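There are 2 protein chains.
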Amino acid sequence: MDLAHCSLNSVTVKGAGLTEVADLAAQWGFGGVGLWRDVLDGVDLVDASARLRQSGLRVTSVCRGGMFPQPTARLRREATADNRVAVDQAHALGADCLVLVCGAAHGDLADARRQVRDGIAELEPYARQSGVRLAVEPMHPMMASSRSVITSLSEANDLVEAIGSDIVGIALDSYHVWWDAALPQQITRAGERLFSVQLADWVTPIHGELSSRGMPGEGCIDLTGFVADCRNTGGYAGLVEVEILSDRWWAADPKDAVHAAANGLAAV
Amino acid sequence: MDLAHCSLNSVTVKGAGLTEVADLAAQWGFGGVGLWRDVLDGVDLVDASARLRQSGLRVTSVCRGGMFPQPTARLRREATADNRVAVDQAHALGADCLVLVCGAAHGDLADARRQVRDGIAELEPYARQSGVRLAVEPMHPMMASSRSVITSLSEANDLVEAIGSDIVGIALDSYHVWWDAALPQQITRAGERLFSVQLADWVTPIHGELSSRGMPGEGCIDLTGFVADCRNTGGYAGLVEVEILSDRWWAADPKDAVHAAANGLAAV
Numbered sequence: 381m382d383l384a385h386c387s388l389n390s391v392t393v394k395g396a397g398l399t400e401v402a403d404l405a406a407q408w409g410f411g412g413v414g415l416w417r418d419v420l421d422g423v424d425l426v427d428a429s430a431r432l433r434q435s436g437l438r439v440t441s442v443c444r445g446g447m448f449p450q451p452t453a454r455l456r457r458e459a460t461a462d463n464r465v466a467v468d469q470a471h472a473l474g475a476d477c478l479v480l481v482c483g484a485a486h487g488d489l490a491d492a493r494r495q496v497r498d499g500i501a502e503l504e505p506y507a508r509q510s511g512v513r514l515a516v517e518p519m520h521p522m523m524a525s526s527r528s529v530i531t532s533l534s535e536a537n538d539l540v541e542a543i544g545s546d547i548v549g550i551a552l553d554s555y556h557v558w559w560d561a562a563l564p565q566q567i568t569r570a571g572e573r574l575f576s577v578q579l580a581d582w583v584t585p586i587h588g589e590l591s592s593r594g595m596p597g598e599g600c601i602d603l604t605g606f607v608a609d610c611r612n613t614g615g616y617a618g619l620v621e622v623e624i625l626s627d628r629w630w631a632a633d634p635k636d637a638v639h640a641a642a643n644g645l646a647a648v
Numbered sequence: 381m382d383l384a385h386c387s388l389n390s391v392t393v394k395g396a397g398l399t400e401v402a403d404l405a406a407q408w409g410f411g412g413v414g415l416w417r418d419v420l421d422g423v424d425l426v427d428a429s430a431r432l433r434q435s436g437l438r439v440t441s442v443c444r445g446g447m448f449p450q451p452t453a454r455l456r457r458e459a460t461a462d463n464r465v466a467v468d469q470a471h472a473l474g475a476d477c478l479v480l481v482c483g484a485a486h487g488d489l490a491d492a493r494r495q496v497r498d499g500i501a502e503l504e505p506y507a508r509q510s511g512v513r514l515a516v517e518p519m520h521p522m523m524a525s526s527r528s529v530i531t532s533l534s535e536a537n538d539l540v541e542a543i544g545s546d547i548v549g550i551a552l553d554s555y556h557v558w559w560d561a562a563l564p565q566q567i568t569r570a571g572e573r574l575f576s577v578q579l580a581d582w583v584t585p586i587h588g589e590l591s592s593r594g595m596p597g598e599g600c601i602d603l604t605g606f607v608a609d610c611r612n613t614g615g616y617a618g619l620v621e622v623e624i625l626s627d628r629w630w631a632a633d634p635k636d637a638v639h640a641a642a643n644g645l646a647a648v
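Chains V and Y, in that order, give the protein sequences.
Note that my numbering gives residue 634 to position 254 of the first sequence, counting from 1, and the numbers run on in steps of one.
Note that my numbering gives residue 414 to position 34 of the second sequence, counting from 1, and the numbers run on in steps of one.
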């Protein structure tokens, strides 16, 4: 892939601040950046947005809103307030979407899934007011008890269709969904609801289910086929993000991590 | 659960020989044992089968056959030969079923899934001759590159229905499938094809995707609901196995591991 069609997610170079992420992305010729909210702390977002535009960088995603299932009403209110801040940040940056990490089960899976559906439906009008698109990220089933009860693209498609809003779609990361026999058909089904496409590769053994990912090409996923499906049958026309949560790469110099990401993307 | 309705899988006390596994199961009042093939090495199976019967223990499963996808014709022939030995062992022990760990992808997932279907179809007549039932085990998606490309009960049901043999069914382990929104309906669909039901609990963080499991009650799975679904809508009437692959419990005394398993099962 041409890096102009790719976006560098800030977590790939965890520890780097917004300026460093943007500089690295621009130096390598990325077309955009995906931003975790930790790099937005204390940043003037109007100013940052202008500087990113001047560098020729889109903001492909802000990560994250979500965490809808909560054990108490107070915690649900806190999650709601935080999700509105996330919408405001995505709006200020003109991001393509706000990624929703929907939240894990505190006990009953079916109840957690109801809270996710209700939470997105409640957030939708607020996001619509500022023109921010919400992207449900189906996550690997090994994260069902820690990050998200939405564990497949089939399930995310069901959820998004049930909500039935043109600003609620899907963020699809190869790492979370590559194993699924139904993936090609579900990408076709998602179609114009694909708001974000992300790449990370699958490597084993898993040492911690959150941060054992590989750079494109380090693992076993057919990323070329995945991107082709998203482009051709899904019709996704946006930038493809590289988002690598990896204890191994986080221990490396950010420059080396971006170099490896760029090489991996070039081979897709 | 009454332990008379449960079975102790040998891997829960990895390192113990067949005699020790059987003695522990009998002492605690288990109704049966599930046997990994490592405990059968060098054992006279006719004699072992008679002794297990005398102890009042069924053999609920032999683990494992499978590993159908192989990169070369020679390795496929070796897998075929090994699977026939596994069928012979399950026959000699009068086991309820031979569990099939179907094998991982060496590259193309769809091709691996074809090799799984073809491999089971090829093994079926041999198993039928000796009356051994084959139980496809859907495994957690995090094992798709190391153990099995059959990653959900939906997929296992599709596979087993496509093969269409009354001796080819399913081994269902809570650990592998608990996250799946479609699980209750798929248990109903499996129905009389449920040849084996196994319990392990989900605990995080994952330290190695194969052996991070918890004893019943240590994790987040609604095991009571799972067993109820298998019994009521699935119609499963056999013994429920406790099969805990756990580096943590393997470091403990086998007596303590069985004690913990028995306590966990009693609370289900």
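Ideal Cβ placement from N, Cα and C applies to all residues, glycine included.
Please read all numbers here as calculations on a predicted model, not as lab measurements.
Task: Three or more C-beta pairs below 8 Å linking the segment 587-600 of chain Y and the segment 628-637 of chain V - done: no
Task: the segment 422-441 of chain Y / the segment 469-478 of chain Y touching (three or more Cβ pairs under 8 Å) - done: yes
Open item on the list: Strictly by DSSP, which residues pair up with GLU598/Y?
Closed with: DSSP, once it has assigned bridges, lists no residue as partnering GLU598/Y.
Open item on the list: Counting only beta-carbon separations shorter than 8 Å, does ARG628/Y have a partner in chain V?
Closed with: no
- [ ] Compute the distance between the beta-carbons of ASP491/V and SER532/V, then report whether it is under 8 Å.
- [x] no
TODO: Scan the segment 570-588 of chain V for residues whose Cβ lies nearer than 9 Å to a Cβ of chain Y and list them as they occur along the chain.
DONE: TRP582, VAL583, THR584, PRO585, ILE586, HIS587, GLY588
Task: Closest by C-alpha distance to SER554/Y, when choosing among ARG454/Y, VAL577/Y, VAL516/Y, GLN509/Y - done: VAL577/Y
Open item on the list: Measuring straight from C-alpha to C-alpha, what distance separates ARG493/Y and CYS610/Y?
Closed with: 26 Å
Open item on the list: My parser needs the beta strand (DSSP E) runs of 3 or more residues fully inside the segment 512-560 of chain V; what are they?
Closed with: 514-516, 548-553
Task: Straight-line Cα distance separating SER526/V from HIS486/Y - done: 29 Å
TODO: Go ahead and label SER510/Y buried or exposed: buried means 16 or more other beta carbons lie within 10 angstroms of its beta carbon, across all protein chains shown.
DONE: exposed
Task: Proximal chain V residues relative to THR531/Y, where beta-carbon distance stays under 9 Å - done: PRO521, TRP559, ASP560, ALA561
TODO: Can you grab the Cα-Cα spacing for the pair ASN389/Y / ALA524/V, in whole Å?
DONE: 26 Å
TODO: Indicate whether at least one CB of chain Y lies closer than 8 Å to the CB of PHE493/V.
DONE: Residue identity check: residue 493/V is Arg in the sequence provided, not Phe. Yes, its Cβ sits closer than 8 Å to a Cβ of chain Y.
Open item on the list: Just to confirm, is the Cβ distance from GLY605/Y to ALA570/Y under 8 Å?
Closed with: no
Task: Alpha-carbon spacing of GLU621/Y relative to GLU541/V, whole angstroms - done: 39 Å
TODO: Establish whether the CB of GLU458/V and some CB of chain Y are separated by less than 8 Å.
DONE: no
Open item on the list: For CYS600/V, which residues in the same chain have their Cβ closer than 6 Å to its Cβ, ignoring the five residues on either side in sequence?
Closed with: TRP582
Open item on the list: Give me the residue from ALA646/Y, LEU489/Y, ALA641/Y with the minimum Cα distance to LEU404/Y.
Closed with: ALA641/Y
Open item on the list: Tell me the residue span of the beta strand (DSSP E) that contains PHE410/V.
Closed with: First-last for PHE410/V: undefined, no H or E at that position.
Task: Same chain only: Cβ atoms within 8 Å of ASN537/V, ignoring 5 sequence neighbours per side - done: ILE550, GLN566, ARG569, ALA570, ARG573
Task: Within chain Y, the residues that SER525/V reaches when beta carbons sit closer than 7 Å - done: TRP582, THR584, CYS600
Open item on the list: Contact criterion: CB-CB distance below 8 Å. Does ALA485/Y meet it with respect to chain V?
Closed with: yes
Task: GLU458/Y, buried or exposed, once every other Cβ within 10 Å from all chains shown has been counted against 16 - done: exposed
Open item on the list: Between GLU621/V and chain Y, is the shortest Cβ-Cβ distance under 8 Å, so that the two count as touching?
Closed with: no
Task: Same chain, Cβ closer than 6 Å to MET522/V, five either side skipped, listed in chain order - done: GLU589
TODO: Can you tell me which of the three DSSP states VAL342/V falls into?
DONE: Missing from the structure shown is residue 342/V; chain V here goes from 381 to 648 and no further.
- [ ] Using a Cβ-Cβ cut-off of 8 Å, state whether GLU535/V counts as contacting chain Y.
- [x] yes
Open item on the list: Nearest by alpha-carbon distance to GLY474/Y: which of LEU514/Y, ARG456/Y, MET447/Y is it?
Closed with: LEU514/Y
Open item on the list: Rounded to the nearest angstrom, what separates SER528/Y and MET519/Y at their Cα positions?
Closed with: 6 Å
Open item on the list: I need the straight-line Cα distance from CYS386/Y to HIS556/Y, nearest angstrom please.
Closed with: 19 Å
- [ ] Just the C-alpha distance for PRO451/Y and ALA484/Y, rounded to the nearest angstrom, thanks.
- [x] 11 Å
Open item on the list: Once the 5 residues before and after SER429/V are set aside, which same chain residues still bring their CB inside 7 Å of it?
Closed with: ALA472, LEU473, GLY474
- [ ] May I have the straight-line CA-CA distance separating PRO564/Y from LEU489/V, to the nearest angstrom?
- [x] 12 Å
Task: Contiguous beta strand (DSSP E) assignments of at least 3 residues, all confined to the segment 429-492 of chain V - done: 438-446, 478-481
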